[in-house]
Amino acid sequence: MREIDVALVEEAIRSLFLRACREVGPDVLACLRRAHEREESPFGREALRQILENDRIAAERGMPLCQDTGMAVVFLDVGQDVHFTGGDVGEAIDRGVYRAYRDGCFRASVLDPITRENTRDNTPAVVHTRIVPGDRVTLTAAPKGFGSENMSRLFMLTPSQGVQGVMEAVVETVRLAGGNPCPPVVVGVGVGGTAERAMELAKRSLLRDCGEPSQDEALARMERELLRRINALGIGPQGLGGRVTALAVHILKEPTHIAGLPVAVNMQCHAARHASAVL
Amino acid sequence: MPTHVSAPLSREQALALRAGETVLLSGTIFTARDAAHKRLCALLDAGEPLPIPLDGQVVYYAGPCPALPGDPIGACGPTTSSRMDAYAPRLLERGLRGMIGKGPRGEAVREAIARFGGVYFAATGGAGALIAGCVKEARVVAFPELGAEAIRALRVEKLPLIVAVDAAGGDLYAAGPAAYAAAP
Ligand code: SF4
Chain E
188 MREIDVALVE EAIRSLFLRA CREVGPDVLA CLRRAHEREE SPFGREALRQ ILENDRIAAE
248 RGMPLCQDTG MAVVFLDVGQ DVHFTGGDVG EAIDRGVYRA YRDGCFRASV LDPITRENTR
308 DNTPAVVHTR IVPGDRVTLT AAPKGFGSEN MSRLFMLTPS QGVQGVMEAV VETVRLAGGN
368 PCPPVVVGVG VGGTAERAME LAKRSLLRDC GEPSQDEALA RMERELLRRI NALGIGPQGL
428 GGRVTALAVH ILKEPTHIAG LPVAVNMQCH AARHASAVL
Chain C
53 MPTHVSAPLS REQALALRAG ETVLLSGTIF TARDAAHKRL CALLDAGEPL PIPLDGQVVY
113 YAGPCPALPG DPIGACGPTT SSRMDAYAPR LLERGLRGMI GKGPRGEAVR EAIARFGGVY
173 FAATGGAGAL IAGCVKEARV VAFPELGAEA IRALRVEKLP LIVAVDAAGG DLYAAGPAAY
233 AAAP
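Protein chains in written order, with the numbering used here: chain E, 188 to 466; chain C, 53 to 236.
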């Protein structure tokens, strides 16, 4: 049994959100630079130039790269030999979020869905917890803007629709989203499980380094084919036309029911922000 | 070369702009997004005066971050414009000339732009830090209780935009992707 004070969790969450909202990772920057080289459309090239310049300014000045600093999504993997001490770990996460958003001058974008009254401190976080072997805690902060989140879709396909149906569902989602999710996007796809598990897989797939292929050869082939088909749509950076609509497609799968084929698509804008730490 | 445009914007200037033209906008614009649009239209319904002028003005669909110490404003890129489609035709009818946002507009908005002589500009979504550098002054002018969604008057210099929908029916969100779509 290893004891971990929740104050450490709070500190880690605070610093992860501060970092994530100000800087995209080197993997995303590399994909954006390649996109800028490859893009033929003048509007697309200009948008990518502005995005790269923006990301440089934000990191240099320590300001959020996008004003939509998102909902605070947290992926929490807790080793089963860990015992949290010093308070409620959920409250510690929310305190870390609130302090990051206050200290970073990030926008408070979270409100009651019915009354539309703002919680004013960007809490509560959306936390996905897993119990895993070992005595460590892995925390990932993934602030998620809603321009892209609003374009998410869930399809409960029938088994007969098969892989072809999966491919069509994904391409159609990106086509319908057009310029709304701030392309170039990373397209997260979750296949299998139940309805809610498929969505979680789609979001979790976005944590992979941008453009890194799936370990599963069949999924990696689907990712390549989807990327080709999506970039043939012509939507382009910012939806103004061009060759680069998506930087990458990431798929995760899990077993599902004999009667079903859930497919979830979670779109991630070019502000593909996430940061992790291990305690 | 980009066209220099100033805000407020005359009808003639707006009518001369064409989809696909790059623009640097300077002058005073007003931020307004979902909640502020809802309030503005409620005031129109009630026949009450609006807290900001509309005639010839440009609204920017944006809700900025709080400013870093010493800055006039925090990150302030555009939000998705289609959420304001329900309100935009009414404001255009009342003299609103320009809108700045990201993403395509619906048919009713495009028609209102043609009918009343307006223009819709695209700003780069997610370029909040870059755009903040173009904002020289910002002050809340209406609905302060809405926080990030309050209406702010921004004095901007050389804000980089692209004309996305013009009054002659041009729509870059349709023409641009069509030009790069591969044959199926
Ligand atoms: S979709 Fe992403 S880049 Fe675009 S405004 Fe929202 S958070 Fe920012």
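Idealized CB from N, CA, C, for every residue including glycine.
Residue nearest to E:Pro251 in terms of C-alpha spacing, selected from C:Gly126, C:Gly108, C:Asp107: Within the first sequence, the letter at position 64 stands for residue 251 of chain E. When C:Gly126, C:Gly108, C:Asp107 are compared, the shortest CA-CA separation from E:Pro251 is found for C:Gly126.
Close beta carbons around E:Asp322, own chain, < 6 Å, minus the five adjacent residues each side: In the first sequence, the residue the question calls residue 322 of chain E occupies position 135. Same-chain partners within the cutoff: Arg189, Gly266, Asp268, Val269.
C-alpha distance - E:Gly375 paired with C:Gly99, whole-angstrom precision: Position 188 of the first sequence holds residue 375 of chain E. Position 47 of the second sequence holds residue 99 of chain C. Roughly 47 Å separates the two Cα atoms.
Near ligand 1: E:Ser467 beta-carbon under 7 Å from a heavy atom: Chain E is shown from 188 up to 466; residue 467 of chain E falls before or after that span and cannot be answered.
Residues of the region 199-226 of chain C whose Cβ lies closer than 8 Å to any Cβ of chain E, in chain order: Those would be Gly199, Ala200, Pro212, Ile214, Ala216, Leu224, Tyr225, in chain order.
Beta carbon of E:Met258 nearer than 8 Å to that of E:Val372: Position 71 of the first sequence holds residue 258 of chain E. Position 185 of the first sequence holds residue 372 of chain E. Taking 8 Å as the Cβ cut-off, E:Met258 and E:Val372 do not qualify as a contacting pair.
Proximity test, E:Asp255 beta-carbon vs ligand 1 heavy atom, cut-off 7 Å: In the first sequence, residue 255 of chain E corresponds to position 68, counting from 1. For ligand 1, at least one heavy atom lies less than 7 Å from the Cβ of E:Asp255.
Reduced DSSP category for E:Thr325 - H, G, I as helix; E, B as strand; rest coil: Here residue 325 of chain E refers to the residue found at position 138 of the first sequence. The answer is strand: DSSP assigns E:Thr325 an E or B state.
Heavy atom of ligand 1 within 7 Å of E:Gly375 beta-carbon: Locating residue 375 of chain E in the first sequence gives position 188, where the first residue counts as 1. Checking every heavy atom of ligand 1 against the Cβ of E:Gly375, none is found closer than 7 Å.
Minimum Cβ-Cβ distance from E:Ser228 to chain C less than 8 Å: As a working mapping, residue 228 of chain E is identified with position 41 in the first sequence. Residue-level contact check: E:Ser228 touches chain C, since one or more beta carbons of chain C fall below 8 Å from its beta carbon.
Min CB distance C:Ala185 to chain E below 8 Å: The residue labelled residue 185 of chain C in the question sits at position 133 within the second sequence. Rather than Ala, the amino acid found at residue 185 of chain C in this sequence is Gly. The beta carbon of C:Gly185 sits closer than 8 Å to some beta carbon of chain E.
C:Ala175 and C:Lys154 closer than 8 Å at C-beta: Taking the first residue of the second sequence as position 1, residue 175 of chain C is located at position 123. Taking the first residue of the second sequence as position 1, residue 154 of chain C is located at position 102. Against a cut-off of 8 Å, the Cβ pair of C:Lys154 and C:Ala175 comes out as a contact.
Inside the region 205-293 of chain E only - beta strand (DSSP E) runs reaching at least 3 residues: List check, beta strand (DSSP E) in window: 258-266, 269-272.
Below-8 Å beta-carbon distance, E:Met454 vs any chain C residue: Along the first sequence, read from residue 1 onward, the residue named residue 454 of chain E stands at position 267. With 8 Å as the cut-off, E:Met454 does not count as an interface residue toward chain C.
Contact with chain E by C:Thr131, beta-carbon distance below 8 Å: Position 79 of the second sequence, counting from 1, holds the residue named residue 131 of chain C. A Cβ of chain E is located within less than 8 Å of the beta carbon of C:Thr131.
Rounded C-alpha distance that separates E:Ser463 from E:Arg307: Translated into the one-based positions of the first sequence, residue 463 of chain E becomes position 276. Translated into the one-based positions of the first sequence, residue 307 of chain E becomes position 120. Rounded to the nearest angstrom, the two C-alpha atoms are 25 Å apart.
Start-end ranges of the alpha helix (DSSP H) lying completely within the region 151-203 of chain C, minimum 4 residues: Within the region 151-203 of chain C, the runs of alpha helix (DSSP H) at least 4 residues long that lie entirely inside it are, in chain order, 159-168, 180-184.
Three-way DSSP call (helix, strand, coil) for E:Arg460 in this model: As a working note, residue 460 of chain E is residue 273 in the first sequence. Coil.
Proximity winner among C:Leu92, C:Gly72, C:Gly79, relative to C:Ser62 (alpha-carbon distances): Counting from one through the second sequence, the residue named residue 62 of chain C turns up at place 10. Looking at the Cα atoms, C:Gly79 is the closest of the given residues.
Beta-carbon gap between E:Val211 and E:Asp242 smaller than 8 Å: Taking the first residue of the first sequence as 1, we reach residue 211 of chain E at position 24. Taking the first residue of the first sequence as 1, we reach residue 242 of chain E at position 55. In contact: E:Val211 and E:Asp242 (Cβ atoms closer than 8 Å).
Reference C:Gly177; option with closest CA among C:Leu95, C:Pro101, C:Pro130, C:Ala230: As a position in the second sequence, residue 177 of chain C is number 125, starting the count at 1. A check of alpha carbon separations from C:Gly177 across C:Leu95, C:Pro101, C:Pro130, C:Ala230 identifies C:Pro130 as the nearest.
Residues that C:Cys117 contacts on chain E, provided the C-beta gap is smaller than 7 Å: On the second sequence, residue 117 of chain C is found 65 positions in, with the first residue counted as 1. Close partners of C:Cys117 in chain E (Cβ separation under 7 Å): Pro251, Gln254, Thr256, Cys292, Phe293, Arg294.
Counted within 10 angstroms of its Cβ, other Cβ atoms place E:Leu363 as buried (16 or more) or exposed: For this step, residue 363 of chain E is matched to residue 176 along the first sequence. Exposed.
Contact with chain C by E:Ala433, beta-carbon distance below 8 Å: Numbered from 1 along the first sequence, position 246 holds the residue referred to as residue 433 of chain E. Not an interface residue.
Extent of the continuous beta strand (DSSP E) run through E:Ala435: The sequence position of residue 435 of chain E within the first sequence is 248, counting from 1. It spans 433-443 - the beta strand (DSSP E) in which E:Ala435 sits, taken as one unbroken run.
Residues in the region 161-182 of chain C having any Cβ partner in chain E nearer than 7 Å: Within the region 161-182 of chain C, the residues whose Cβ lies closer than 7 Å to some Cβ of chain E are Ala174, Thr176, Gly177, Gly178, Ala179, Gly180, Ala181, Leu182, listed in chain order.
Within chain C, partners of E:Gln425 - CB distance below 8 Å: By 1-based counting over the first sequence, the position of residue 425 of chain E is 238. Those are Lys154, Ala174, Thr176, Gly177, listed as they occur along chain C.
Residues near E:Pro449 in its chain [Cβ-Cβ closer than 8 Å; skip 5 each side]: Sequence index remark: in the first sequence, residue 449 of chain E carries index 262 (1-based). For E:Pro449, where only same-chain residues beyond five positions count, the Cβ hits under 8 Å are Leu341, Phe342, Met343, Leu344, Gly377, Val378, Gly379, Gly380, Thr381, Ala382, Arg384, Ala385, Thr443.
Residues bridged to E:Val452 (per DSSP): Residue mapping note: residue 452 of chain E aligns to position 265 of the first sequence, counting from 1. DSSP lists E:Arg340, E:Val376 as the bridge partner or partners of E:Val452.
Per-residue burial, E:Ser228 [other beta carbons within 10 Å of its own, 16 or more giving buried]: To locate residue 228 of chain E, count along the first sequence from 1; it is residue 41. Burial call: buried.
Any chain E beta carbon closer than 8 Å to C:Ser134: For the purposes of this step, residue 134 of chain C is taken as the residue at position 82 of the second sequence. Interface residue (Cβ-Cβ distance to chain E less than 8 Å): C:Ser134 is classified as such.
Buried or exposed by the 16-neighbour rule on C-beta atoms within 10 Å, applied to C:Met151: Numbered from its first residue, the second sequence carries residue 151 of chain C at position 99. So C:Met151 counts as buried.
8 Å Cβ shell around E:Leu235 - same chain, five flanking residues per side excluded: Indexing the first sequence from 1 puts residue 235 of chain E at position 48. Exclusion of the five residues before and after E:Leu235 leaves Leu219, Ala222, His223, Glu226, Pro371, Pro424, Val431 as the residues of its chain whose Cβ lies within less than 8 Å of its Cβ.
Residue(s) in a DSSP beta bridge with E:Arg189: Position 2 of the first sequence, counted from the first residue, corresponds to residue 189 of chain E. Beta-bridge pairing links E:Arg189 to E:Val269.
Beta-carbon separation (whole angstroms), E:Gly475 vs C:Thr132, contact threshold 8 Å: There is no way to answer for residue 475 of chain E, as the model of chain E reaches only from 188 to 466.
Contacting positions in the region 395-428 of chain E - beta carbon closer than 8 Å to chain C: Residues of the region 395-428 of chain E with a C-beta atom less than 8 Å from some C-beta of chain C are Ala419, Leu420, Gly421, Ile422, Gly423, Gln425, Gly426, Leu427, Gly428, listed in chain order.
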